[in-house]
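Read the structure below first, then the notes.
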Amino acid sequence: MDGFEWAAGSVIGKEHRRVNKNNQDAIAIKSATDYAIGIVADGCGSKAHSEVGAWLAVELLAEAIATHLPQPLTKQKIEEFGQNLLQNFPALPNFQNYYLFTLLGFVVTEEQSVIFGCGDGIYAINDEIKQISYEDNAPPYLIYPETKLEIYAEISTEDLNSLFIGTDGIEEWIQQKELSEFWQSDKYFKNPDQIRRTLAIAQKKESLSKDDTTLITLRHQLSVD
Numbered sequence: 000m001d002g003f004e005w006a007a008g009s010v011i012g013k014e015h016r017r018v019n020k021n022n023q024d025a026i027a028i029k030s031a032t033d034y035a036i037g038i039v040a041d042g043c044g045s046k047a048h049s050e051v052g053a054w055l056a057v058e059l060l061a062e063a064i065a066t067h068l069p070q071p072l073t074k075q076k077i078e079e080f081g082q083n084l085l086q087n088f089p090a091l092p093n094f095q096n097y098y099l100f101t102l103l104g105f106v107v108t109e110e111q112s113v114i115f116g117c118g119d120g121i122y123a124i125n126d127e128i129k130q131i132s133y134e135d136n137a138p139p140y141l142i143y144p145e146t147k148l149e150i151y152a153e154i155s156t157e158d159l160n161s162l163f164i165g166t167d168g169i170e171e172w173i174q175q176k177e178l179s180e181f182w183q184s185d186k187y188f189k190n191p192d193q194i195r196r197t198l199a200i201a202q203k204k205e206s207l208s209k210d211d212t213t214l215i216t217l218r219h220q221l222s223v224d
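Residues 0 to 224 (numbering that gives the first Met the number 0) make up the sequence shown, in order.
Okay, here's the thing in structure tokens:
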């Protein structure tokens with residue numbers, strides 16, 4: 000989106016690597032001159048193939064939102080996106096092995112900036128960090144009958160300086176480091192692999208990122224003199 004820059008990365012969790020599991024997080028980013036969409040999903044770690052549903056979800060949802068724009072996003076429209084998403088999934092036996100995942104996303108247009116999702120994760124708008132967590136690490140998944148996709152936060156884009164979304168694997172990071180590094184440090188926006196590298200190094204040297212960790216950060220593009 001004109002006037003903004005983004006960075007993103009994902010790393011497989013230390014525990015998943017130890018038992019030869021895939022990275023069960025997923026990520027999608029769509030950007031044009033007048034909008035930016037970012038979505039991360041975290042597949043349920045106790046299910047065999049939850050990354051399948053996670054990847055389907057982020058791709059289908061990002062495409063649906065992009066098609067809807069530039070119309071504004073409302074509470075009802077976000078809920079509708081979630082309902083339609085489930086209806087577009089192929090019917091599978093043992094669907095619980097595939098379709099248990101959390102979602103956390105943002106949409107930035109020229110007028111409106113929205114954070115939305117279902118389940119756990121961490122997001123930040125203009126340095127204000129919000130952590131969404133559930134008892135016993137048991138978040139509600141979209142496939143549950145009473146769970147809906149919902150708007151967590153909304154701000155006028157003219158007031159937006161930066162935002163961040165991340166799966167719950169980043170919780171270990173904020174216990175020891177400053178999360179704001181990801182939107183304040185220029186290095187992440189200059190090198191598209193820098194976030195992944197930083198997460199991987201922290202995992203190896205500091206035992207962080209035991210869980211799969213995926214994040215997207217966006218900020219106003221710095222002017223070049």
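Built from N, CA and C at the ideal position, the CB exists for glycine as well.
Smallest Cα separation from residue i: which of the options?
i, options, result
"residue 199", "3, 103, 9, 180", "9"
"residue 126", "29, 177, 190, 146", "177"
"residue 210", "173, 48, 24", "24"
"residue 37", "58, 19, 52", "58"
"residue 40", "169, 202, 218", "169"
"residue 22", "43, 92, 88", "43"
"residue 150", "161, 131, 31", "131"
"residue 18", "166, 99, 45", "45"
"residue 67", "203, 107, 188, 144", "107"
"residue 160", "202, 95, 182, 118", "182"
"residue 48", "99, 105, 171, 173", "99"
"residue 165", "145, 189, 104, 191", "104"
"residue 140", "97, 156, 173, 163", "97"
"residue 0", "118, 32, 128, 60", "32"
What first and last residue would you give for the beta strand (DSSP E) that runs through residue i?
i, result
"residue 206", "Counting along the chain, residue 206 falls outside any beta strand (DSSP E), and DSSP gives it neither H nor E."
"residue 140", "Element bounds for residue 140: n/a, residue is neither H nor E."
"residue 29", "24 to 31"
"residue 34", "34 to 42"
Where does residue i sit, in a helix, a strand or coil, going by DSSP?
i, result
"residue 6", "strand"
"residue 47", "coil"
"residue 52", "helix"
"residue 153", "strand"
"residue 158", "helix"
"residue 213", "strand"
"residue 57", "helix"
"residue 187", "helix"
"residue 164", "strand"
I think residue i touches residue j, with their Cβ atoms under 8 Å apart; what is that distance to the nearest whole Å?
i, j, result
"residue 56", "residue 114", "Contact doesn't hold; Cβ gap of about 17 Å is too wide."
"residue 102", "residue 148", "7 Å"
"residue 215", "residue 26", "7 Å"
Between which two residues does the alpha helix (DSSP H) holding residue i run?
i, result
"residue 173", "170 to 175"
"residue 231", "Nothing in the structure corresponds to residue 231, since the chain is present only between 0 and 224."
Q) Which parts of the region 59 to 131 are runs of the beta strand (DSSP E), unbroken and 3 residues or longer, counting only runs that do not cross its ends? A) 100 to 108, 111 to 117, 120 to 124, 127 to 131
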